[in-house]
Amino acid sequence: MLSADPVIRFKDVSKTFRRPDGRGDFVAVDKLSFEIAKGEIVAVVGKTGCGKSTMFNIVAGLIKPSAGEAKVVGHDPFREFAFFRGKIGIVFQNDRLMPWRSALDNVRLGLQILNVDPKQANETARGWLARLGLSGHENDYPHALSGGMRQRVSIARAFAVDPEILLCDEPFSALDEMTARDLRAEFVRLVRQSNKTAVFITHQINEAMEIGDRVLVFHRPARIAYEARLNASTSEDDRRKMHDDIMRVLSVDQAAAEASA
Amino acid sequence: MMNSRAMRVLQAATGMIVLAAGWQILSFVFPHYLFPPVPEIITRTIEVLITGSLLVDVLLTAGRIFGGLFGAFILGSILALLIGQSKTAENFIAPVLTFFQGIPALSWVVFAIIWFHGIEFRVLFIMVMTTLPAFTFQILDAFRSMSKDLFEMAMSFRPSRWTLFRFLIVPTIVPGILTAWKVNLGNAARVVVVAELVGATGGVGYQLLRQQQLFDMAGAMAWTLQLVLFVLVVQQTINAIETWALRYRAVSERAM
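Note that the protein sequences, when read in sequence, are chains A and B. So in the working numbering, spot 208 of the first sequence is number 220, and the numbers just go up one at a time. So in the working numbering, spot 12 of the second sequence is number 15, and the numbers just go up one at a time.
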């Protein structure tokens, strides 16, 4: 179903890259169309190389589509790069903390770039560190923090600028299961509390179903092969069936990839 | 048990004491005009340091070294950033710098004497030309080692070019800049002496030339030690800055 004013809208978006050996092009995204409404959390699942990260980079405005139209809050994220200052927050697969900045200074980074008053930026950053359970670690450098703590800092950094849209690229995949589970729950709570729109990329079906209001399953090259909606009233049986369906869809893509290799 | 810092100091001191003892033994064997005794060298070194009219020459040389290094650093930084951002700029500039690297310091001294009249400008020109390629390539290496992940992360906040430069590029290249200063300092100290030896009327190089004309080995050693002391003091200062600037780096528990 297409909403009236989607926050993210892809219409027949394609992206091709030149092969590193120079022999022809490689299609990473092929005529991808979807919409994401305000306040939705959409989880995107797919095998490695299915084009989900390319789609992610197009939404983030880091790369330009080769064809089609990608709009985020009605604007082109690549052409109107500066328009999205403070509107998009990204949590990456690895924490990507600046090693020369303390935890507090890492969280303040986006606020400094947005020219927020230093006192206000300091308070906001401290507040987010506290919400993510990192009080007392404000002055610690990244090397002194555990993997889970570092990823918490990177989540705080993304939320601190109060973006309308959050993009997450497998942010918990490098963490142990216990830490990942806690952070997942924390992340969903924060997104819902602030009514943000989020795109969450993962290769774990359970994680996608735990986080998303909607799950999109991608087949290479970034085509939607399956779509499912979830909410609090979705029964355990329905969830199990969805899980099996997603497994089946992903296996088909895996088999196709192996056949073409 | 002695801590590791005290151990390092002791080892360094032992090496120097052995060297001084070896020199002292040679002074017993050979005439003093060839190997003056260590106490005489120390006395002459202190004399230079506490005599205003002589210390001026040391400060003049120090100023020339700093001036040359600073000029090469600024120019090298600009060239490194240009090369780092444009392949075309690299194609133009890199071969020229590589060509410059192959020119001996003494050739630059000769060129400077032929081309320019002013002594200070000659020395500055020689210092800049001999240290520029190393500064440029070292800063360029540091710039190119910038993490792509951190660059993407910073870009996700849509910074201006100036903000990106301040928040990402400068902290990334600081370790490279400090290394470049340390490496070039020794080179600059050697080159400045050659430049002063041939074309100056003041400075450590000029004084060394005078000691050679007077056949005064103790004086030559005393002036040489001024340069060595200068390099050591500046190296230690850079090390202290480095320790402070890179304090964020993890220290392996095994290294403690």
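For every residue, glycine included, the Cβ atom is placed at its ideal position computed from N, Cα and C. Keep in mind the model is a prediction, meaning the values are calculated, not measured.
Sequence-distant residues of its chain with Cβ nearer than 6 Å to residue i (five each side left out)
i, result
"threonine 246 (chain B)", "none"
"arginine 252 (chain B)", "none"
"leucine 14 (chain A)", "The predicted model places leucine 14 (chain A) with a pLDDT of 45, which falls under 50 and marks its position as unreliable; any figure quoted below should be read in that light. The answer, listed in chain order, is Glu47."
"alanine 90 (chain A)", "It is phenylalanine, not alanine, that sits at residue 90 (chain A) in the sequence shown. Contacts found: Gly73, Lys76."
"alanine 234 (chain A)", "Val41, Leu44, Gly63, Met67"
"lysine 27 (chain A)", "Ala40, Val41, Thr66, Pro77, Ser78"
Bridge partner(s) assigned by DSSP for residue i
i, result
"serine 26 (chain A)", "A:Ala79"
"arginine 226 (chain A)", "A:Val54, A:Arg241"
"alanine 210 (chain A)", "A:Ile53, A:Leu178"
"arginine 21 (chain A)", "A:Glu47, A:Lys83"
"glycine 101 (chain A)", "A:Leu178"
"isoleucine 142 (chain B)", "Note: isoleucine 142 (chain B) sits in no beta bridge, so no partner."
Endpoints, the beta strand (DSSP E) within which residue i is located
i, result
"leucine 235 (chain B)", "Leucine 235 (chain B) -> not in any beta strand (DSSP E); alpha helix (DSSP H) instead, spanning 220–248."
Residue of the options minimising C-alpha distance to residue i
i, options, result
"valine 229 (chain A)", "A:Glu248, A:Ala94, A:Met259, A:Ile53", "A:Met259"
"lysine 253 (chain A)", "A:Asp265, A:Asn218, A:Ala268, A:Asp152", "A:Asn218"
"lysine 208 (chain A)", "A:Lys50, A:His215, A:Ser247, A:Met67", "A:Lys50"
"arginine 138 (chain A)", "A:Val173, A:Ser158, A:Gln105", "A:Val173"
"isoleucine 70 (chain A)", "A:Ala40, A:His215, A:Glu239", "A:Ala40"
"glycine 71 (chain B)", "B:Asp144, B:Phe31, B:Pro136", "B:Pro136"
"leucine 37 (chain B)", "B:Val237, B:Gly222, B:Trp226, B:Leu249", "B:Gly222"
"valine 84 (chain A)", "A:Thr136, A:Pro175, A:Arg30", "A:Pro175"
"isoleucine 53 (chain A)", "A:Trp112, A:Glu92, A:Pro18, A:Arg235", "A:Pro18"
"leucine 58 (chain B)", "B:Ile241, B:Leu230, B:Leu235", "B:Leu230"
"alanine 156 (chain A)", "A:Met110, A:Lys23, A:Ala133, A:Glu239", "A:Met110"
"leucine 202 (chain A)", "A:Ile223, A:Glu189, A:Thr191, A:Glu182", "A:Ile223"
"proline 39 (chain B)", "B:Leu52, B:Val51, B:Ala24, B:Ile53", "B:Ala24"
"glutamine 239 (chain B)", "B:Thr204, B:Thr48, B:Leu13, B:Gly189", "B:Gly189"
"alanine 55 (chain A)", "A:Gly61, A:Leu44, A:Lys43, A:Phe68", "A:Phe68"
"isoleucine 177 (chain A)", "A:Gly58, A:Arg97, A:Thr66", "A:Arg97"
As assigned by DSSP and simplified to three states, the class of residue i
i, result
"lysine 64 (chain A)", "helix"
"arginine 169 (chain B)", "helix"
"methionine 259 (chain B)", "Residue placement at methionine 259 (chain B) cannot be trusted, given a pLDDT of 47 that sits under 50; what the coordinates show is reported in the next sentence. Correct three-state label for methionine 259 (chain B): coil."
"alanine 40 (chain A)", "strand"
"arginine 235 (chain A)", "strand"
"proline 130 (chain A)", "helix"
"glutamate 150 (chain A)", "coil"
"aspartate 257 (chain A)", "helix"
"phenylalanine 154 (chain B)", "helix"
"glycine 73 (chain A)", "coil"
"tyrosine 251 (chain B)", "coil"
"threonine 268 (chain B)", "The structure shown does not extend to residue 268 (chain B), since chain B is modelled only from 4 to 259, so the question has no answer here."
"arginine 216 (chain A)", "It is glutamine, not arginine, that sits at residue 216 (chain A) in the sequence shown. Coil at glutamine 216 (chain A), not helix or strand."
"arginine 164 (chain B)", "helix"
"glycine 34 (chain A)", "coil"
Contacting residues, own chain, Cβ-Cβ under 7 Å from residue i (five flanking each side not counted)
i, result
"glutamate 93 (chain B)", "Ile86"
"arginine 241 (chain A)", "Asp225, Arg226"
"methionine 161 (chain A)", "Leu146, His149"
"valine 119 (chain A)", "Ala137, Trp140, Leu141, Val165, Ala168, Arg169, Ala172"
Opening and closing residue of the alpha helix (DSSP H) in which residue i lies
i, result
"threonine 246 (chain A)", "Where threonine 246 (chain A) is concerned, there is no enclosing alpha helix (DSSP H), given that its DSSP letter is neither H nor E."
"leucine 109 (chain A)", "Premise fails: leucine 109 (chain A) is in no alpha helix (DSSP H) and is neither H nor E."
"alanine 97 (chain B)", "90–104"
"arginine 193 (chain A)", "189–205"
"methionine 19 (chain B)", "7–32"
"glutamate 50 (chain B)", "41–53"
"methionine 161 (chain A)", "159–172"
"leucine 144 (chain A)", "First-last for leucine 144 (chain A): undefined, no H or E at that position."
"alanine 156 (chain A)", "Segment: none, alanine 156 (chain A) is in no alpha helix (DSSP H) and carries neither H nor E."
"aspartate 117 (chain A)", "115–125"
"leucine 37 (chain B)", "Taken as a continuous stretch (DSSP letters only), leucine 37 (chain B) belongs to no alpha helix (DSSP H), as it is neither H nor E."
Beta-carbon proximity list for residue i, same chain, < 8 Å, skipping 5 on both sides
i, result
"serine 114 (chain A)", "Glu150, Asn151, Asp152, Tyr153"
"leucine 200 (chain B)", "Gly208, Tyr209, Leu211, Leu212"
"methionine 130 (chain B)", "Arg67, Ile68, Gly70, Gly71, Leu72, Gly74, Ala75, Ala191, Val194, Val195, Ala198"
"valine 234 (chain B)", "Leu188, Gly189, Ala192"
Short CB-CB distance (under 9 Å) between residue i and chain E
i, result
"methionine 10 (chain B)", "Here the protein chains are A and B, and chain E is not one of them."
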